[in-house]
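Everything in the sequence shown is counted per the numbering used here, starting at 89 for the first residue and increasing by one. Report on the following structure.
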Amino acid sequence: MIYKLHMSHSFYKYECPDCGYTIDGLSEGGRLFSEYNYIQLQCPACKKVESINVPYEKEQTGEFPLSECCKVKMQKWDKSCPVCGKKMIQAVLWDDFC
């Protein structure tokens with residue numbers, strides 16, 4: 089098994105500077121030598137954003153799971169607002185360094 093060499097698991101808050109929509113508590117990353125690899129994915133149908141544990145190998149090949157909401161293949165989130173499409177502002181809530 090291959091492990092991604094992330095050294096922290098970070099938690100973020102995102103806020104849209106245009107419409108004010110916020111997303112709290114999204115995580116990204118993992119721990120050194122851990123099988124946990126959280127990435128931020130979005131449902132292309134309803135635009136819901138979630139942090140999902142995706143093995144590093146599957147992230148590299150784009151093998152993302154189906155969304156719980158619409159049952160469609162999720163895609164990497166480009167940090168745009170799910171409501172208005174503007175680029176969201178990211179704030180680190182906390183980091184869990186190894």
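For every residue, glycine included, the Cβ atom is placed at its ideal position computed from N, Cα and C. Treat the numbers as computed from the prediction; the structure is a model and nothing was measured.
Proximity winner among the options, relative to residue i (alpha-carbon distances)
i: Gly-108; options: Gln-163, Lys-175, Phe-152; result: Lys-175
i: Leu-181; options: Pro-105, Cys-104, Ile-111, Asp-106; result: Ile-111
i: Gln-163; options: Ile-177, Cys-169, Glu-147, Gly-173; result: Glu-147
Sequence-distant residues of its chain with Cβ nearer than 7 Å to residue i (five each side left out)
i: Glu-138; result: Leu-129
i: Lys-135; result: Pro-170
i: Phe-131; result: The amino acid at residue 131 is misidentified as Phe; the sequence shows Cys. Answer for Cys-131: Ser-155, Cys-157, Cys-158, Val-160, Met-162, listed in chain order.
i: Ser-115; result: His-97, Ser-98, Phe-99, Tyr-126, Ser-139
Sequence-distant residues of its chain with Cβ nearer than 8 Å to residue i (five each side left out)
i: Ala-133; result: Ser-155, Cys-157, Cys-158, Val-160
i: Ser-168; result: Lys-174, Lys-175, Met-176
i: Phe-152; result: Leu-129, Ile-140, Val-142, Lys-146, Lys-161, Met-162, Gln-163, Lys-164
i: Gln-178; result: Tyr-100, Lys-101, Tyr-102, Lys-167
Proximal residues to residue i (C-beta, below 6 Å), its chain only, five neighbours per side dropped
i: Cys-172; result: Asp-106, Cys-107
i: Cys-104; result: Cys-169, Lys-174, Met-176
Exposure of residue i, with buried meaning 16 or more beta-carbon neighbours within 10 Å
i: Gly-113; result: exposed
i: Asn-125; result: buried
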